[in-house]
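If you read the sequences in order, they're chains A and B.
Position 388 of the first sequence, counting from 1, maps to 388 under the numbering used here, and the rest follow consecutively.
Every number in the numbering used here is 1000 more than the matching position in the second sequence, counting from 1.
Virtual Cβ for every residue (Gly too), placed ideally from N, Cα, C.
Have a look at the structure below before the remarks.
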Amino acid sequence: MHSYIRPGQFVAIRLQSDQLRLIQIIPDTVVNLGRFGNFTANQIIGRPFYFTFEILDACDDAGHQLRVVSATELHAETLLADGEGDGEGDDVDTGENGIPMRTNRQINDENSSQKLTLQEIEELKREAGGAGKDIVAKLLESHSAIDQKTAFSLAKYTLRKRKKYLKRFTVLPLDVGLLANYLIEERDAQKAMELRDEHIGLIGCWGNVHHSGNVEVGEGMKPHGRYAIVDETGGLVVAAMAERMGILYPHDADEDPTEEQDPPAHNAAESQHTDEPPKPRRIRPQPMSATTNTITVIHPYSQPNLSLLKFFGYDTNNPDESHPLHTHLKSISWMQLADPNSDPLYANEPPIIPAEELAELKQSKRTAYYHKRNRWGRVKAVVDEGRAGNFDGLIVSTLLEPASVLKTMVPLLAGSAPVVVYSPTVESLVELTDMYSTARRTAFINKKRELESQSPEGEAVDLSSLHEEFVVDPTILLPPTLQTSRVRPWQVLPGRTHPLMTGRGGAEGYLFHGVRVFPTTQNIQAAGNVRKRRKVETTSTPISDRDVEMTS
Amino acid sequence: MTSPFLTRNAVADADSLALLQLRRDQIIPTILRDHDDENQGYWEGKVTNTRFGSFPHSTLIGQPWGAQIVASKVDTGSRGRPSTKRKAEELDAETTTGAEEDKKRPSLRAPVSADSGFLHILAPTPEAWTLSLPHRTQVVYTPDYSYILHRLRVRPGCTVIEAGAGSGSFTHASARAVFNGYPGTEEATKRRRLGKVCSFEFHEGRAAKVQQELKDHGLDGIVEATHRDVYEDGFLLGDPKTGKSPKANAIFLDLPAPWLALKHLVRNPPPGQESALDPESPAYICTFSPCLEQAERTIRTMRKLSWLNISMVEVAQRRLDVKRDRVGLDTEGVRGATMFPKTVEEAVAKLRSDEQRAKLIRENRMTKGQPDYQPIAKETPFYKEKTDVPVYAQGRLTHRSEPDLRTHTSYLVFAILPRAWSEEEEQKCRDQWPSAKVAKPDNEPKTSKKQMKRDAAVERARLRDEQKQLEEKSQLESGDKIEEEKLEKESTEA
């Protein structure tokens, strides 16, 4: 939980211009916000999130320069515009006959109303040394048509000018939702596949991604919460799923039962038993060693691109061992999954050196030996585990052809495990949905049966021609569903409520999902409408689009 | 008890919830029983009847999740009029004691597979449950609740207040979102906060149903459902005035008048009462109102109560149907296809061939009386040639919105209430992090690129050495691991 700003943490700072900046808060440094001024990081460390600070012109005696802006103050402009500031319920100034009294009839659509020139404003800025309030007041004073403005347009004008000149900022916790918005608004949205909040929510829900709990894995059970993820958004999807699984934030580890208690409690315990022997050194957790609540990332190159995880304190190049992702995030390349023996890391086991021989080796050689053995063991364990499958869900947001991913991955899923494929555009997913159409499924089953009846008794059936014709097995994923979602933001003010006038375009974003099932080996007919079935018999075409007609 | 929603076995167990999927939106939730708890008199024990056949639970229990299950031949007709023999048995049973009755119950028959009909047995998820749950009130569907839970930053270990449990779809989804362990199984020493949902419902009947449902689903340890009018009595657990605070991080209000409940969600409650919010984290709220007036009024109240970042959105979701659209003269008899020329060329060719044939018929008619008259041979039209493309891949791939859209569900109002911050806390922070302290002067002269590169190389070498040393250490440590573990055990025991 983001209860306060921790030192070393990345936070988001929303400026008055509604710009977002991601900044790492390092103690004893200065944070520079460009034209909105600067402040020392110490002044916000330990403070709660969502506070709006104003940078004052002068420091107090202790050098403190920030003032917390209260909510009432923040709402003042909106409340004024709300028609509540002046106690009026009715907002549009209307005359007796209901005609608006003040309109824009008299207002010239020119920039001549503001009597201050640009130079004068620049001078003001220099003189005031950043006292934004003064500038705004001066600007309002020297506006010639200020009395022609309605209350709202005045409020709007003031607000706009304040946004430009006031040195205020709000500190927000950097979580997945905020990062996604930041990438869309401030960065190249396409790199993160234009993934929006609504789709992040849908992916997590339809993927049934959640924490695996504290249940011991007993007999007849399999390890809980193992998810396979194919992510080409730079780690945004991995981060979103890790957030849902409670393994994204470094301080999530404090709450992890396998970890030690957090320092304050530890100190308290020590002070009581001072004569206790010093605690044995902490055992370093092996990377990728967790068995439950894990994410397995499957990547096309030798290393996965998960660079966005650095904002959550996990740098894949230089991983922090105390971060929960260190043990819970595993990665396999497609080659390791499809053909592990082509991978030198997997296939070439470093020869075991007997202990006595090892003792004679130089220190550095011995280290190298252990390093190699450990790495090999780790890779082998992760790859073998991945190839054994039984994943609890598959989340895909990829540049690869989705059907090729599903062809490999769906057979590796446990029964009833969900499959979710996100794509910014619809075309690839329409094709994918068609791969699982009822007509194709029927044709697949018929062809499979035909092949089985042709092959001699007791011999393995050669299904290669079947897999040539059908990219994916349409009988092991049901029911293929395609959807999209978009939120529409509104402006809410009494009498002036409407959807926002402008919004962001770009990719709509689509989601395909289904559930892994096991078809029965029995030859059965679907029950249902008799009339329709007769039609199936008379024509050779698989004609239906509905499940009723499905035979399997 | 564990919940099949959160942690489940590899197979469907007796006495736990399973979802029987007939087709995409037809899912029947049922609790699997190895005995006929409602005593409906089937020979096969407990049976679920569907439009695609009958499914005795003995054919479902023990099956792996996701398995396709074949319907069974079940005699549904004669059980209403029991045979005289059974009647006699029942009369006997009435006179005997309960234990004997169990023995006398006719042994169950093994189910026989039917010729047609099947379903898939799926493990429960909040999404499938939302599609199949018994409707008591308007349901919060997946597109809405997924977005709401994401915006409310609901994560494992959070506490969520939900008012207006309604049909329970949001309850299930939020239980999954906060879940990080079942209470009671944790050792007392661990200071870990377990995720919790506090659900309030003012309708007595619905509240009771929700409570029963949560119990059946094994979620009663994670969700605490209370029958309460929250406008009047607020959100404290137990007694409305002196009860314990749920310490909520997130609040979801699906109420007709959310503004009436907001006064109970403040940082400084009336003296003697606890705040229902978690004092150590920001509180996130979402209200769910179908009408604009409700949303406006809620927002006005939120502004007065110092909520920040107030925003309102609506979620528009649609499902898409994917179909192959076939147009062409060769589609006669193909369902869903339009028999119509595909191209101008096909239209011209069709006209031309029709014209030629008409001409042929005319000429043929002229020779009708003559001795060498022969009727025109039937010929297959040019467009009826066979293609190699299988039927499932013919036509153009298209997508369109599903026929029935949910065009409006509700207006979602979001807001955030930061944690309270006192003078003392601020002073403590200032003492710990001196405001003016800056380690390095900001205007340090910039080093040249060359120098930076040189420095970086030195740094890299140093890091390498360090890394090596660390690894050596780790090797040593891993060697000592077992011993260390022993030591640790002893020390904890002591």
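Beta carbon proximity, residue i to chain B, threshold 8 Å
i	result
Gln555(A)	It is not possible to answer for residue 555(A), since the shown part of chain A is limited to 1 through 552.
Tyr157(A)	no
Glu457(A)	no
Tyr422(A)	no
Asp545(A)	Residue confidence is low: Asp545(A) scores 46 on pLDDT, short of 50, so the model does not pin down where it sits. Its coordinate-derived value is still stated next. Cβ-Cβ to chain B under 8 Å: yes for Asp545(A).
Ser3(A)	yes
Tyr50(A)	yes
Ser485(A)	yes
Asp134(A)	no
Anticipated Cβ contact below 8 Å, residue i with residue j, distance rounded
i	j	result
Leu1133(B)	Ser1174(B)	Contact doesn't hold; Cβ gap of about 15 Å is too wide.
Phe312(A)	Phe169(A)	Contact doesn't hold; Cβ gap of about 22 Å is too wide.
Gly235(A)	Leu306(A)	4 Å
Gln522(A)	Val1070(B)	6 Å
Trp1129(B)	Gly415(A)	That pair is no contact at about 18 Å.
Lys380(A)	Tyr346(A)	6 Å
Tyr488(A)	Pro499(A)	Checking the sequence, you will find Arg at residue 488(A) rather than Tyr. With a Cβ gap of about 5 Å, Arg488(A) and Pro499(A) count as contacting.
Continuous alpha helix (DSSP H) stretch holding residue i: start and end
i	result
Asp1216(B)	Glu1204 to Asp1216
Ala1173(B)	Ser1169 to Val1178
Glu1201(B)	Careful: Glu1201(B) lies outside any alpha helix (DSSP H), inside the beta strand (DSSP E) at Lys1196 to Glu1201.
Glu1126(B)	With the sequence shown as reference, residue 1126(B) is identified as Pro, and Glu is not the correct amino acid for it. Pro1126(B) -> alpha helix (DSSP H) spans Pro1126 to Ser1132.
Lys1304(B)	Leu1292 to Lys1304
Beta carbon proximity, residue i to chain A, threshold 8 Å
i	result
Val1322(B)	yes
Asp1442(B)	Annotation note: pLDDT 49 at Asp1442(B) (below 50); position unreliable, coordinate value reported separately. Yes, Asp1442(B) lies at the interface with chain A (some Cβ there is under 8 Å from its Cβ).
Ala1276(B)	no
Ala1188(B)	With a pLDDT of 41 at Ala1188(B), under the threshold of 50, the modelled position of this residue cannot be trusted; read the value that follows with caution. No, no contact with chain A.
Cys1429(B)	yes
Ala1316(B)	yes
Phe1414(B)	no
Ala1177(B)	yes
Pro1341(B)	no
Phe1118(B)	yes
Gln1294(B)	no
Span of the beta strand (DSSP E), counted from its first residue to its last, around residue i
i	result
Ile23(A)	Leu20 to Gln24
Leu1152(B)	Per DSSP, Leu1152(B) belongs to no beta strand (DSSP E) and is neither H nor E.
Leu1119(B)	Val1112 to Leu1122
Glu1423(B)	It is not in any beta strand (DSSP E) - Glu1423(B) instead sits in the alpha helix (DSSP H) that spans Glu1423 to Gln1432.
Leu1320(B)	Leu1308 to Asp1325
Tyr1411(B)	Tyr1411 to Leu1417
Val556(A)	Residue 556(A) falls outside the range modelled here, since chain A spans only 1 to 552, and no answer is possible.
Ala1018(B)	Leu1017 to Arg1023
Chain B residues whose Cβ lies nearer than 7 Å to that of residue i
i	result
Asp28(A)	Lys1437, Val1438 and Ala1439
Val430(A)	Val1322, Leu1397 and His1399
Residue i: contacting residues in chain B (beta-carbon distance under 9 Å)
i	result
His224(A)	Leu1006, Thr1007 and Arg1008
Arg21(A)	Here the premise fails: no neighbours, minimum Cβ distance about 17 Å.
Ser153(A)	Result: empty, since nearest Cβ-Cβ is about 20 Å, beyond 9 Å.
Partner residues on chain B for residue i, Cβ-Cβ distance less than 8 Å
i	result
Pro554(A)	Given that chain A is displayed from residue 1 to residue 552, the structure contains no residue 554(A) and the question cannot be resolved.
Arg47(A)	Trp1421, Glu1426 and Cys1429
Beta-carbon neighbours of residue i, restricted to chain A and to distances below 8 Å
i	result
Leu1255(B)	Chain A residues near Leu1255(B): none, gap ~18 Å exceeds 8 Å.
Arg1155(B)	Met1, Glu243, Arg244 and Gly246
Thr1142(B)	Leu202, Cys205 and Trp206
Asn1268(B)	Under the 8 Å cutoff, chain A gives no residues; its nearest Cβ is about 13 Å from Asn1268(B).
Ile1299(B)	Val492
Contact set between residue i and chain A, taken where Cβ atoms lie within less than 9 Å
i	result
Met1312(B)	Pro489, Trp490, Gln491, Val492 and Thr497
Neighbour list for residue i in chain A, Cβ cutoff strictly below 7 Å
i	result
Asn1049(B)	Those do not exist, as Asn1049(B) stays about 12 Å from chain A at its closest Cβ, beyond 7 Å.
Ser1306(B)	Ala71 and Thr72
Chain-ordered neighbours of residue i on chain D, where CB pairs are closer than 8 Å
i	result
Ala443(A)	Among the protein chains of the structure shown, namely A and B, there is no chain D.
Heavy atom of the ligand NAD within 7 Å of residue i beta-carbon
i	result
His1264(B)	This structure lacks the ligand NAD; in fact it carries no ligand of any kind.
#### Entry: Runs of beta strand (DSSP E) wholly within the segment 1224-1254 of chain B (minimum 3 residues, chain order)
1250-1253
### Message
List, from N- to C-terminal side, the alpha helix (DSSP H) runs of 4 residues or more that fit wholly inside the segment 354-423 of chain A.
### Response
355-360, 363-388 and 402-409
### Message
In chain order, what are the residue ranges of uninterrupted alpha helix (DSSP H) at least 4 long that sit wholly in the segment 172-248 of chain A?
### Response
176-186, 197-206 and 236-245
### Query
Fully enclosed by the segment 1344-1395 of chain B, which alpha helix (DSSP H) runs are 4 residues long or longer?
1344-1366
#### Entry: Complete beta strand (DSSP E) runs within the segment 454-502 of chain A (minimum length 3 residues, chain order)
477-491
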